Amino acid sequence: METEKKCTKTSIVNEVERAIEALNRQAYTKKVRKDLLKLQLIREVLLTGTQK
Amino acid sequence: MNLHPEKKRKKIAVLQFSRLGDILMSLPAIEALHRADGDAEIYFLINAMFEGLLPESPCFKPVPIGFNSLYEALKQADSLDQAMVILDEYLSPVLDTHFDLVVNLSSQKISAILTSILSAAIRRGLIYSSDETLINPDPHLCLFTEMKAGRRINWLHQVDIYSSVIDGFKPRPLHETGEYLFSGNLRGFIGERFIEHEYVLVSPGASIPQKEIDERTLHAIIQALLEHTSYDVVLCGTSDDATNLETGDLSDYERVKDWTGKTDLRGLYSLIYHSECLISNDSGPMHAAALLDRKNIVFSTGSAFFPETTGYNSNIMIFIPHGPCYPCPWIGFSCAEGLVCKETWDRNGIVRQILHYIWGTEPDPPLPRGKIYKTAINGKGLFFIPCGRNHLSITELTGLVYQSFWREKLFVGLSAPHMIEDAVQGYCWDSPSLGRGLKRFEADVCQLHAFLDQLILLFQAFTKSPKRRVFDKIREGIDIIFNLSDQETFLAPLLQCYKVLYHSAIADNLHDLLAEYHGRTVALKRDLERIGRLISFVLSGVVSVCTCSTESNNHS
């Protein structure tokens, strides 16, 4: 069960990385900037984990 | 037609995602914001795990962000689209608001990203750049994020730094800030007393093991209090402390009550408020004691450095350990010396000093060993008065000068002796005899003068001095600054408007970074040992480099 969760987390992080890469190739509009930051926040939260 | 259109209220967000103590240390900044504009809507963004920490305030609204539950929810997301929806839901309280000002008082990457996401006219503190580096455009908060490098000489308190971004900040003890912000709600929030007898409260645990009060010292304190005073001793702490903390056998002590892990945060407030004195380490309860204006004795060990983080109140007594390694270099540091600092406590001396502090008397003769300070606040901020001596070490004096320098913003027309005098005078307001005594400091004057001359030179360059042109010239042609030196502290405020990449961020991926910044001009602080690899890139024409020397103020 724990392995499954880790896989899900890893796959989301990988998806986030791909989406960031794709956005970085687009024209740099306000919306692109905001979406990029949101993706980076998702990645950071997933990588940092819970904060005690 | 409305002849008196309603004035639009300003919206301000203050971010503080660190722990209990940092949240309390942010309150003076919020007070200053509210004093500057009483109509402003101030939102205080904190980690949801500290929700309920503060009483209701008419001056600001706490906005808890549930990072832990966000993490759990994101882990379960089926797709990226769903993850984005989850994020939007969690941030909905602030995502759709346009703020006039966002002040980020945290140094984590998460807070920098969120600061950048929020819609804002003005941002202060760390932000996140498009190429995923951290940028701090504010000179004072910039200094805060640089603290780790030069912290032994950095005697600026975090409250002063946090508040320096707000015009008109006046330092006040934290309990006065509490009275202003909570206007009477604090007393109701604390709740009733639940221990009848008079007691001294001891909080030995901490989130970081290096900060804990060790078992031998704890028992020495308990025995002395029971033997020489009529107070009971009450222990407090978190549920983690109840499980992990080594307090030894307390069952022999009849007048010791262990409330560790048995109270919530409001219960902790109650225990502190109704105590005669709190004996703690440098952690959350210490700041709560400052807020509640209780006597406080602090054992400062671990990564906390007392001039930065002590409770913002007068008459706090601080013990710091012997040895040159204090403070620990970073959180999570594994001590190769086996926490020898805790073995060097002069426990008899400490116990004697604690008893005198509680009795309100001074030990005579003064303690022979150890470094002990008492805090005091004046119009400039928090000061640390050495106990039982009238001389300063070179580190102490340098720290005081540095503190004085930043507080006064004395950029021009200074000489090293003036700065020393100013730092010493800063202590005379409270204790004239101590002030006179401090003039006989033990510092190595030549060494100090060299340090001060460097500092003055830098800040003259920052203002109207002709030397400013040197820095302007450097600035004109530079896109990125790689700061490979350990001595960033003075340079960062000068180069505040530039992207600064620090050693920790670039040590492992220098090759990729240089490829990314291909063709741009890169500034380096001179550090020949570390830039060897970079020079080879320069020779191959990947980037152009200029080095800037803070000693000679020139560049090549």
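Quick mapping for you: the protein sequence lines, in order, are chains A and B.
All the letters of the first sequence, read from the start, carry residue numbers 17 to 68 under the numbering used here.
All the letters of the second sequence, read from the start, carry residue numbers 1153 to 1708 under the numbering used here.
Glycine included, each C-beta is placed from N, C-alpha and C at the ideal position.
Because the structure is a prediction, the values reported are computed rather than measured.
With distance defined between alpha-carbon atoms, name the residue in the options nearest to residue i.
i	options	result
Gly1419/B	His1439/B, Leu1402/B, Ala1394/B, Gly1389/B	Gly1389/B
Cys1480/B	Asn1220/B, Ile1360/B, Glu1193/B	Ile1360/B
Glu1367/B	Leu1377/B, Pro1356/B, Ala1376/B	Pro1356/B
Gly1343/B	Val1408/B, Thr1285/B, Leu1444/B	Leu1444/B
Arg1275/B	Gly1463/B, Lys1261/B, Val1255/B	Val1255/B
Asn1199/B	Ile1217/B, Pro1207/B, Asp1189/B	Ile1217/B
Leu1507/B	His1380/B, Ile1279/B, Ser1231/B	His1380/B
Ile1318/B	Pro1538/B, Ile1470/B, Ser1178/B, Ser1335/B	Ser1178/B
Ile1194/B	Leu1205/B, Ser1209/B, Met1201/B	Ser1209/B
Ser1432/B	Val1237/B, Phe1471/B, Phe1334/B	Phe1471/B
Ser1391/B	Thr1412/B, Ser1382/B, Gly1277/B, Leu1176/B	Thr1412/B
Ser27/A	Glu1548/B, Asn1448/B, Gln1260/B, Ala1235/B	Ala1235/B
Thr1496/B	Ile1510/B, Phe1202/B, Arg1504/B, His1474/B	His1474/B
Leu1243/B	Leu1257/B, Leu1266/B, Ile1502/B, Leu1232/B	Leu1266/B
Ile1529/B	Leu1308/B, Ser1271/B, Leu1491/B	Leu1308/B
Ile1374/B	Ala1184/B, Asn1396/B, Tyr1405/B, Thr1513/B	Tyr1405/B
Lys1532/B	Arg1504/B, Leu1397/B, Pro1538/B, Phe1321/B	Phe1321/B
Ile1262/B	Arg1324/B, Leu1197/B, Asp1248/B	Leu1197/B
So, is residue i buried or exposed, given that buried needs 16 or more other C-beta atoms within 10 angstroms?
i	result
Asp1393/B	buried
Lys1213/B	exposed
His1426/B	buried
Ala1714/B	The question about residue 1714/B has no answer, for chain B in this structure spans 1153 to 1708.
Asn1465/B	buried
Lys1314/B	Position check: residue 1314/B holds Tyr in this sequence, whereas Lys was assumed. Label assigned to Tyr1314/B: buried.
His1250/B	exposed
His1349/B	exposed
Ala13/A	With chain A running from 17 to 68 in the structure shown, residue 13/A is simply not present.
Arg1446/B	buried
Ser1403/B	exposed
Asp1191/B	exposed
Pro1476/B	exposed
Ile1683/B	Confidence at Ile1683/B is low in this model, with a pLDDT of 37, below 50, so the placement of that residue is unreliable and no value is reported for it.
Ala35/A	buried
Leu63/A	exposed
Ala43/A	exposed
Leu1647/B	Below a pLDDT of 50, predicted positions are generally treated as unreliable, and Leu1647/B, at 46, falls in that range; the measurement from the model is reported next regardless. The residue is buried, with at least 16 neighbouring Cβ atoms inside 10 Å.
Ala1273/B	exposed
In chain B, which residues lie with their C-beta within 8 Å of the C-beta of residue i?
i	result
Thr56/A	Checking the sequence shown, residue 56/A turns out to be Gln, not Thr. Correct list: Ile1265, Tyr1280, Glu1284.
What residue range does the beta strand (DSSP E) around residue i cover?
i	result
Pro1538/B	1533–1538
Val1311/B	Counting along the chain, Val1311/B falls outside any beta strand (DSSP E), though it belongs to the alpha helix (DSSP H) covering 1310–1315.
Ala1527/B	A quick correction: the sequence has Thr, not Ala, at residue 1527/B. Its beta strand (DSSP E) spans residues 1523–1530.
Ser1355/B	1351–1355
Ile1470/B	1468–1472
Whose Cβ in chain A lies nearer than 9 Å to the Cβ of residue i?
i	result
Ser1178/B	What Ser1178/B touches in chain A: nothing, since even the nearest Cβ is about 17 Å away.
Leu1232/B	Ile28, Glu31, Val32, Arg34, Ala35, Leu55, Ile58
Ile1262/B	Leu57, Glu60, Val61, Thr64, Gln67
Leu1257/B	In chain order: nothing, as chain A lies at least about 16 Å away.
List, in chain order, every chain A residue whose beta-carbon is nearer than 8 Å to that of residue i.
i	result
Thr1269/B	Checking the sequence, you will find Ile at residue 1269/B rather than Thr. Result: Lys50, Leu53, Lys54, Leu57.
Ala1528/B	Near Ala1528/B there are no residues of chain A at all, since even the closest Cβ is about 34 Å away, more than 8 Å.
Can you check DSSP and say which residues form a bridge with residue i?
i	result
Tyr1280/B	Leu1286/B
Met1709/B	In the structure as shown, chain B starts at 1153 and stops at 1708, and residue 1709/B therefore has no counterpart that could be examined.
Leu1253/B	Ile1164/B, Ile1274/B
Asn1199/B	Ile1217/B
Asp1719/B	In the structure as shown, chain B starts at 1153 and stops at 1708, and residue 1719/B therefore has no counterpart that could be examined.
Cys1388/B	DSSP output for Cys1388/B lists no bridge partner at all.
Leu1430/B	Leu1353/B, Asn1448/B
Ile1194/B	Ile1164/B
Strictly below 7 Å CB to CB, what residues from chain A border residue i?
i	result
Leu1222/B	Val61
Ala1235/B	Ile28, Ile58
Leu1239/B	Lys54, Leu57, Ile58
Over the uninterrupted alpha helix (DSSP H) stretch that includes residue i, give me the two end residues.
i	result
Ile1265/B	1261–1269
Phe1458/B	1458–1461
Val1492/B	No alpha helix (DSSP H) holds Val1492/B; DSSP gives it neither H nor E.
Asp1410/B	Segment 1408–1410 is the beta strand (DSSP E) holding Asp1410/B; no alpha helix (DSSP H) there.
Asp1174/B	1172–1177
Ala1229/B	No alpha helix (DSSP H) holds Ala1229/B; DSSP gives it neither H nor E.
Asp51/A	46–64
Ser1209/B	Looking at the DSSP string, Ser1209/B is not in any alpha helix (DSSP H), and its letter there is neither H nor E.
Tyr1421/B	1417–1425
Is residue i close to the ligand SAM? I mean its beta-carbon at under 8 Å from any heavy atom of the ligand.
i	result
Gly1413/B	The model on display carries no ligand, and the ligand SAM is accordingly not part of it.
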